[in-house]
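To keep things clear, I will list the structure first and then write my remarks on it.
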Amino acid sequence: RSEVSYFFPFYPAHAMSIKNSATTTETDFDDASQLRELDEAVLLTRQAPELQTPAHPLHSESLDNLANAFTTRFQKGGQSADLDEAISLHRKALKLRPSPNPLRPDSLNYLSKVLLLRSRQEGQPSDLDEAISLPKQALELQSLTDPLRPSSLHNLALALFRQFDITGQKCDLDESISLHRQALELRVSPHPLQSESLDCLGLALWRRSQEEGHQSDISEAIQLYRRALELRVSPHPLRSRSIHGLALALGERFEQDGHRGDLDEAFWLHKQNSEFYPPSHPLRSHHLNSLAVMLRKIFMHGGDQSDLDKSISLQRQALEISPKSSQSMCLNNLAMGLWGRFEQNGRQVDLDEAILLQRQALELLESAPRRSMLLSNLAIALGTRYRQRGHQNDLDEVILLHRQALELRPSLHPLQYMSLSTLATALGTRFQQGYYQSDLDEAILLHRQALELQPSPHPGRSESLNNLANALHTNFMQKAHQTDLNEAILLHREALDIRNLFHPRRSESLNNLANALRTQFERNGQQTVLNEAILLNRKALELRPSPHPDQSQSLYDLGSGLIHAYSLSGNNSEYLEEGIESFRAATQCLNQPASLRLRIAHAWISQAVLHQHNSSIDAYDAALQALPNLAALSFDIKSRQVALLTDSNGLASNASRFAIQAGKIDKAIEFLEAGRAIFWSQFLSLRSPFEELQDCAPELAEKLRDTASALELGSHRNTYASENGKKLVIDQETARLNRLNEVWLKAIDDVRQLNHFEDFLRPRSLSTLQVAASDGPVVILVGNDDGSDILILTSANVHTLHLSGLPNQELRNFVHLIRHASLNSRRSHIEDHSGNTAEFPPSMVETFRNWARLKEERGMRLQGQKDSDTVFQFVLETLWHEVVKPIIDILNLKTSAEPPVVQWCPTGLFSFLPIHAAGCYDNSPAIDCTSEYLISSYTPTIGALLTQDQTVSTKPFEMMVVIQSQELPATQKELEMIKQHVSDDFLVKLGIPGESASVESVASRLSGLAIVHFSCHGIQDRSNPLDSGLKLEDGLLRVSRIMQEKIQNGALAFLCACETAMGDDKLPDEAMSLGASLLFSGFRHVVATMWAMMDEDGPVVADAFYEELFRDPDGKPAPEPDTSKSAYALHLAIKKLRAKNVSFNRWVPFIHMGK
């Protein structure tokens, strides 16, 4: 629940008015709100004490009058110095009236009132303590029949009410009510202040009704306010205060019993008040805010969108004219209005502004009683953003803010239950992400504490019942304790009983009870339980028509129940059809978070596949369409990468596998292309030249270019801060980028309305992708749990091949074997006598041993421990027989001195296997291996091959070589080898004496170079792939830094460094290696390594590679390279390295990427 501030103006009851001409001037001020006239009143009133000596009998009275003038000016102008001066003057007057002076009680009361006022502004406990003590002293001096005793009772009641606001001690509120009753009894008609007592007693009863939910309190409060209004007929100056109080009381009674007449009357009363004050009046802001809050309540109870929009408009007006003292509360209320509208329509701009406003409010209210409310409401808004985007730092801050709010709401605080509940809910959310049982245990404990603080008929009880029930339901799913589920169902039923037909959150209780009953059915199989769950889901859905923010959740839950009913019925297809259609409709609620739509799509896939429903392809389509939205362009690049961890890995492969089985090969390839390298496809979309669009819609093209440039620049921003003020700056930038993202999406939609641009920036169709195979076949490798599939894309056909003997588990074993064999120890973890075989299945170990035994029978020496070469032989031979040789047969390839180039497009676990090196290397006279038939090149996606060769640059050819000679001595020799083939005129050499290889000196040169060659350490950061990089003199040249460069002339990047083709285990389909990063950043060809390389191999490979690259068609050295021969040049260079009879782990890691 969010909290709205109902703040009240302070109306001091002056026992004495300012005498002489000052009285008239102050009255004029009240009417005209002219501050200069009040200044005149203060000036005139000051003259009296200045003309009197302290012994003058009227001096104390003059001091009180002057103090009252300063108090009034403070209330109008908000200057704390005026209030301090008033307190000082009242203290002087009090000293002049020692006991038994008959006017001493008056001075005690005057001073109490201004101290209470200051305590409201500044929150100093000492002011409030004294404000309580002073009227108590006055009461001790006054007889029971003293005509001013009601004023002392009244002032003490106000001070105790304030103390209740801060500490929440019920005894303070009860005593305040009792004192107001006593004062009212003494102010019988026609007492001029009877209406004041009626008002204040009504306010205290309203507050107690809010806390305890007793109908009698709110009914009495309404009666008291109506009596006060009868006494304050227009144009009574305080009539608006009684109208305001009556409106609040009617609104509260509506919350308790749902009588619409109360809500309508409350609205008209607030409207009457808002129209009473002119635009310049200081109280207008307060009443506009109250009217706005009421309009929002009307919207929540069946109103339409215009009510909510009008509410927000009024809150904006209230903020514009609000005095400084109430700005933080106006910011808070506007923020919660915007948050509420976001909950309805999902417009990101509303949520962004709500968060900004809450942060601004916190900055204005660093230490005050209402700070806990601001902390709590900011946490609520951030919690909503977390559900939308899934950023962990938002959830962490939510929990921190709720804990801070709870610290400000100690035991007996009236809103402690709310902080307990919201903190518990946030902890429950964190449990669902990390599954730390301690979070869930604490959440349940806090929910129980919150519920204990809300005995029936507390208005917040139903929410705590609901929250505790949800937590217990979750606990049951973890521990299977039946008592948890039983209690959850009972609590949901109690909450539903409280939430009557008019309650705005009744649908929530219906839905949650249904879910708990469905879980009960899954355990006991009782048809009646399932039937009730489905009935409740239907009722909840009826209360959530479009565009209700929870409609998709209700559709999903109803669909789940119907699928259960179908399984139970055996053959009632109506259940299945309706269930599937519910899933479909849920994924089409576009105002819902992409993460929710993806989760529902996964459920749809699961059920459609399980029950062989014909919507399976549609379900996969829905899931893949949601994927790009997980990583919006307004995110920073790290957040985009993290977002794609959620339910995305393996989705494209699974979709492709299903499409293949269904005989829809075109869909299989399109699914793979649409669901992989999402991170890079979005990155590249921002760098699209839009040349074709420029010809027919230049304005749209320009808008897209400008927006793309701003979004790309913003994606490299820092999003971490620890202080609220700095977070405010970050959130302002986030809000700006979110607006730009909306502009981007709208512009793309506009482009798609144009003829011939219907598929603008959509995933490519098969017919478009086949163009990539015009220069040679593209082989797509897809692993799945039940086997692997090969899709061979040529310019005319698509060939398919199913490998039942290579499921993901086998591929996973091969990846482990290769990684262990590539270690510098040269010892495999599969050794006949070692204990290290436990991480591989027994079947894999047995397969390896059988293979080794067969080789030994053929005369190979494999006895004893198996070195890394033996492991390589085993894996590469298996890949040859199972994968590569069948492909060669389909393509009808023969051994050749100049074999064709084949593009490998591996997915999933295939991304970590050296397909290019597959072959039989058993020392027989003729080695049968991949490189005898074809030249291998890798591509992360088919689309990466469609990038058109850029126009030949008019800029002279230039190449940069970066070495790390101090740590890697062979890199100096590598440079010498390169210099044999490249003229010094074209060569930029960094890392040599006098030429520093710093991160910025290297990065800043990337955009203008044709070739870059790195001879240094490479590091793959498995926890954060964007921090992977090349080790230079002053740090890492990270992937994230490379992405910032717009590489216009890049032809080739040679990464003679370790691990530069090693991808991310968690996101293999996102191509997060260093090599892929350079490929997507603009280099058309990349040479990289799959694991650590030997320092001494760099010069050998570089020498042979550049010798071929700088060779003209006649076989002579050329001044400039032909980078289109990069794959062939690497092919020759690795042959030269192999000729040295080096081990597999030295020549296998080198690969070519790109065209």
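First residue of the sequence shown: 1, per full-length UniProt numbering; consecutive thereafter. C-beta atoms are modelled at their ideal positions from N, C-alpha and C, and glycine is treated no differently. Since the model is a prediction, treat every value here as computed from it, not as a measurement.
Rounded to a whole number of angstroms, what is the C-alpha to C-alpha distance between residue i and residue j?
i       : j       : result
LEU745  : LEU365  : 38 Å
ILE1151 : GLY1082 : 18 Å
HIS391  : SER595  : 12 Å
PHE690  : PHE757  : 11 Å
LEU1052 : LEU382  : 45 Å
ALA622  : LEU576  : 19 Å
GLY714  : ASN741  : 11 Å
GLN404  : THR878  : 60 Å
SER822  : ALA1061 : 14 Å
PRO237  : LEU446  : 47 Å
ALA335  : GLN317  : 13 Å
TRP604  : ALA643  : 21 Å
PRO100  : ILE218  : 42 Å
LEU144  : CYS200  : 21 Å
ARG499  : VAL729  : 41 Å
SER1143 : ASP869  : 6 Å
GLU353  : ALA67   : 42 Å
GLU670  : LEU510  : 41 Å
TRP1147 : ARG657  : 33 Å
ASN467  : ASN537  : 18 Å
TYR720  : GLU397  : 11 Å
GLN256  : GLY302  : 16 Å
So, helix, strand or coil for residue i, using DSSP?
i            : result
CYS589       : coil
ILE942       : coil
THR895       : coil
ALA623       : helix
PRO278       : coil
GLN732       : helix
ILE1047      : coil
GLU1096      : coil
VAL743       : helix
LEU769       : helix
LYS955       : coil
LEU485       : helix
PHE1080      : helix
ARG687       : coil
residue 1232 : With the chain running from 1 to 1155 in the structure shown, residue 1232 is simply not present.
THR794       : coil
LYS271       : helix
GLY1075      : helix
VAL988       : strand
With a cut-off of 8 Å on the beta carbons, I'd call residue i and residue j a contact; round off their distance for me.
i            : j       : result
residue 1156 : ASP1097 : The requested residue 1156 is not part of the displayed model; the chain covers only 1 to 1155.
residue 1176 : ASN649  : Absent from the structure is residue 1176, since the part of the chain shown begins at 1 and ends at 1155.
LEU246       : ILE222  : 7 Å
VAL901       : GLY1075 : Between GLY1075 and VAL901 the Cβ distance is about 17 Å, and since that is not below 8 Å, they are no contact.
residue 1156 : SER998  : This structure gives no information on residue 1156, because the portion of the chain shown stretches from 1 to 1155.
Under DSSP, the alpha helix (DSSP H) around residue i begins and ends at which residues?
i       : result
MET373  : 371-389
LYS973  : 970-979
LYS1140 : Premise fails: LYS1140 is in no alpha helix (DSSP H) and is neither H nor E.
VAL642  : 637-643
Can you tell me which residues form a DSSP beta bridge with residue i?
i       : result
ARG1146 : BP columns for ARG1146 are empty, so no partner.
CYS905  : ILE780
ILE1151 : ALA1088
HIS799  : ILE792
Tell me which residue opens and which closes the beta strand (DSSP E) that residue i is part of.
i       : result
THR1089 : 1085-1089
LEU295  : Premise fails: LEU295 lies in the alpha helix (DSSP H), 284-300, not in any beta strand (DSSP E).
HIS1013 : 1011-1015
MET960  : 959-963
ALA1053 : 1052-1056
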